[in-house]
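Residue numbering for the sequence shown follows the working numbering, starting at 25 and increasing by one per position.
Here the structure is laid out as structure tokens; the discussion comes afterwards.
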Amino acid sequence: MLETSARLLRLLSLLQTPREWTGAELAERLSVSTRTVRNDVDRLRNLGYPVHAGRGAVGGYRLGAGATLPPLLLDDEEAVAVAIGLRTAAGGTITGVEETSLRALAKLEQVLPSRLRRRVSTLQQYAVAVPRDEPGPRVDADTLTTIATACRDHERLRFDYRSHDGSDSRRDVEPYRLVNWGRRWYLIGFDVARAGWRTYRIDRISPRTPTGPRFTPRELPEDPVDQVRRGVSSAAWRYRAQVVMHAPAELVAERINAAIGTVTPIDDSRCLLDTGAGSVEELAVHLGLLGIDFTVTEPPELVELVRALAGRYHRATMR
């Protein structure tokens, strides 16, 4: 009986890998006959594991999804990764999962071998997270699930949205991607009424039910992470500037990312950099660090500061 139980656990571990196994492959791995494999598969099915079998001579076995979640077998690295992930989720930015994460973590740590429990506790003891300057917004887990489901099923989302200036509006959006950046979650979607791509902070979204009709997916205009990075940075800019860079657009683009600005070619040796920052001082320093000659004409505050800095640096080198 012990040998059979051990063999069933080994068979279950093999079937939980995302692939299809032939009876002969399983028999070879378990050092048994294909008939024994068939009998063991039937035993797993009786225990509630949905083991599917393909038809034909080359058909194989695979573990499918059932009505309830069966026990999972994890190797050492997988168990440690899950434990660390649960600890992170318990103190994360998604509301409604803290208690659930702690319950799941308690179950996992109870059965972890001592060597793995030490690895997890050591990491917790000696890895210290730097507190953030200000607490981030919390996102409701049900809201995230609703939005993710709409992305998957290509269903329009109707929701109330509170903008950064505090104004409220109602949106009808084709949702595409969720992006997690730091302690914030964002939705990339196509705003139907405004006929354009938009980035929305999910903690400012209040979904309306039911979801809207299905839509035909559009091609994303750019990488979702780049879109969020650019949109979030631009929204935080207090000062904007269009600067003529005396270098090819390809060279300038190599030295910045989407969070810094956009580059438009003028000719083979010049391009226009549309950028911004929270202060003119940040703008001036950033432009100087690019290591490229430039011409700035606006805003007036930036022009005056660059002129003052030029004089200051010049005086600093005079003997």
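Where is the CB? At the ideal position from N, CA and C, for every residue including glycine.
For clarity, every value in this text was computed on a predicted model and none was experimentally measured.
Short Cβ contact (7 Å threshold) for residue i with residue j
| i | j | result |
| --- | --- | --- |
| D184 | T119 | no |
| L314 | R279 | yes |
| E305 | T235 | no |
| V267 | F318 | yes |
| L36 | L136 | no |
| R201 | P248 | yes |
| T170 | P237 | no |
| A128 | L110 | yes |
| T288 | A265 | no |
| R186 | R228 | yes |
| A51 | T58 | yes |
| V104 | R143 | yes |
Cutoff 8 Å; reference residue i; Cβ partners in own chain excluding five residues on either side
| i | result |
| --- | --- |
| M25 | In this predicted model, M25 has a pLDDT of only 44, less than 50, meaning its place in the structure is not dependable; the value taken from the coordinates is given anyway. Answer for M25: no residue qualifies. |
| A301 | W261, R262, Y263, L307 and H310 |
| H270 | S293, R294, I316, D317, F318 and T319 |
| E325 | Y263 and V304 |
| V330 | A308, L311 and V320 |
| G84 | E44, W45, T46, G47, E49, A77 and G78 |
| Q134 | none |
| A174 | R180, L181, P199 and T235 |
Own chain, CB closer than 6 Å to residue i, minus 5 neighbours either side, in chain order
| i | result |
| --- | --- |
| L39 | L87 |
| V197 | L181, G213 and D215 |
| L71 | none |
Cβ shell of residue i (< 7 Å), same chain only, five flanking positions each side left out
| i | result |
| --- | --- |
| S191 | none |
| A345 | Outside the displayed range of the chain (25 to 343) lies residue 345, so it cannot be described from this structure. |
| L32 | D64, R67 and L68 |
| R53 | L38 |
| P245 | W221 |
Whole-angstrom distance between residue j and residue i, CA atom to CA atom
| i | j | result |
| --- | --- | --- |
| V252 | V327 | 30 Å |
| E49 | V56 | 10 Å |
| G312 | A219 | 38 Å |
| A273 | A334 | 25 Å |
| L147 | E44 | 36 Å |
| E102 | L168 | 25 Å |
| A348 | V106 | Given that the chain is displayed from residue 25 to residue 343, the structure contains no residue 348 and the question cannot be resolved. |
| F239 | R208 | 27 Å |
| V61 | P95 | 20 Å |
| I226 | L68 | 42 Å |
| T28 | T124 | 34 Å |
| D389 | T223 | Look at the range of the chain in this structure, 25 to 343, and you will see that residue 389 is not part of it. |
| Q149 | L126 | 17 Å |
| V203 | D64 | 43 Å |
| A277 | D291 | 15 Å |
| A89 | V75 | 9 Å |
| V193 | T286 | According to the sequence as given, residue 193 is Ser; it is not Val. Using only the alpha carbons, I get a separation of about 29 Å. |
| L100 | A151 | The amino acid occupying residue 100 in the given sequence is Asp; Leu does not appear at that position. Taking the straight line joining both Cα atoms gives about 20 Å. |
Secondary structure, alpha helix (DSSP H): runs of 4+ residues fully inside the stretch 273–343: Look at the stretch 273–343 and you find these whole runs of alpha helix (DSSP H), each 4 residues long or longer: 273–278, 304–313 and 324–340.
Segments assigned beta strand (DSSP E), at least 3 residues, entirely inside the stretch 181–256: The stretch 181–256 is shown to contain whole beta strand (DSSP E) runs of 3 or more residues at 181–186, 192–205, 208–215, 220–225 and 229–232, in chain order.
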